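The letter at position 54 of the sequence shown is residue 132 when you use the working numbering, and the numbering goes up by one with no holes.
Glycine included, C-beta positions come from ideal geometry on N, C-alpha and C.
Computed from a predicted structure; not experimentally measured.
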Amino acid sequence: LVLHVGRRGVGVKALATSDHMGIISPREKQKAVLVDTSKCIACRSCQVSCKRWNELPAEKTFSHGTYQNPPFLSPVTFTHVKFNEVPGEREEKSTEWLFRKHQCMHCSEPVCAEVCPTKAIYKTAQGPVIIDKEKCKGFGNCVKKCPWKVPKLDWSEGKAYKCVLCFDRVVEDMEPACVKSCPSGALTFGPMPEMYAKAKKRVEEIMDDYDD
Numbered sequence: 079l080v081l082h083v084g085r086r087g088v089g090v091k092a093l094a095t096s097d098h099m100g101i102i103s104p105r106e107k108q109k110a111v112l113v114d115t116s117k118c119i120a121c122r123s124c125q126v127s128c129k130r131w132n133e134l135p136a137e138k139t140f141s142h143g144t145y146q147n148p149p150f151l152s153p154v155t156f157t158h159v160k161f162n163e164v165p166g167e168r169e170e171k172s173t174e175w176l177f178r179k180h181q182c183m184h185c186s187e188p189v190c191a192e193v194c195p196t197k198a199i200y201k202t203a204q205g206p207v208i209i210d211k212e213k214c215k216g217f218g219n220c221v222k223k224c225p226w227k228v229p230k231l232d233w234s235e236g237k238a239y240k241c242v243l244c245f246d247r248v249v250e251d252m253e254p255a256c257v258k259s260c261p262s263g264a265l266t267f268g269p270m271p272e273m274y275a276k277a278k279k280r281v282e283e284i285m286d287d288y289d290d
């Protein structure tokens, strides 16, 4: 779930509700991450913890006129904070940054799984969408069809990579590493019904700020 706080208001978007291969799992069994963009401080703790837990190497990056770094997801960067520059509302001719965590959305009906010819991608009963590296042959259908441009091919290995929501932690009743490390409370992990309730409550708390 992503709780978007933008210039026109707030809203909640559902990202993960079903079991893999089209078999619907009760929502009580599904877990999800609620991303509250109103609390995100763009500290990138989620990026660092993701790298550390998954033992991913650093990337050589470059300055390209934004604080967004690395600029894109890659086979060794599963999540990053996206920065969008917009006209400021507080002062004339000023600018503001809108930022949010970007990673695999773990969709209800993942297109990547539908188009994978080897059935290497599937949605688990717990919620995360994962890639079976043994079955992945690097055809790249998931890369081409993902609306969020998340899966990335490692050409040296011929395998696709993306965030798997720390599935190894989730099955042990642990939070994903990014959630565990978030210092501002922008990320919350739990059963889907609880995340929906928390999101709706949060919307009510901050709605007054956007009615003025």
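Opposing strand residues paired with residue 178 [DSSP bridges] = 160
Could you check the C-alpha separation between residue 124 and residue 139 for me, to the nearest Å?
-> 18 Å
With DSSP run on the structure shown, which of helix, strand or coil describes residue 165?
-> strand
The region 217-231 / the region 181-188 touching (three or more Cβ pairs under 8 Å) = yes
Pair every Cβ in the region 151-171 with every Cβ in the region 238-249, then say whether three or more of these pairs are closer than 8 Å.
-> yes
Could you please give me the residues that DSSP links to residue 239 through a beta bridge?
-> 230
Under 8 Å between C-beta atoms of residue 215 and residue 196 | yes
Which residues in the same chain as residue 287 place their Cβ atom closer than 6 Å to its Cβ, once the five residues preceding and following it in sequence are excluded?
-> none
With DSSP as the reference, label residue 82 as helix, strand or coil.
-> Unreliable placement is indicated for residue 82, whose pLDDT of 43 sits below 50; the coordinate value is still reported in the next sentence. Correct three-state label for residue 82: strand.
Tell me whether the beta-carbon of residue 201 lies closer than 8 Å to the beta-carbon of residue 207.
-> yes
Own chain partners of residue 134 with C-beta closer than 8 Å, once the 5 adjacent residues on each side are dropped | 128, 154, 155 and 156
Assigned exposure category for residue 205 - 16 Cβ within 10 Å defines buried | buried
Kindly indicate the opening and closing residues of the beta strand (DSSP E) around residue 269.
-> 265-269
Backbone secondary structure at residue 327 - three-state DSSP = The chain is shown only over 79 to 290; residue 327 falls outside these bounds and no answer can be derived.
My understanding is that residue 159 touches residue 130, with C-beta atoms under 8 Å, so please give their C-beta distance in whole angstroms.
-> The pair is not a contact, with the Cβ atoms about 16 Å apart (cut-off 8 Å).
Buried or exposed for residue 210, please, with buried defined as at least 16 other CB atoms from any protein chain shown within 10 angstroms of its CB.
-> exposed
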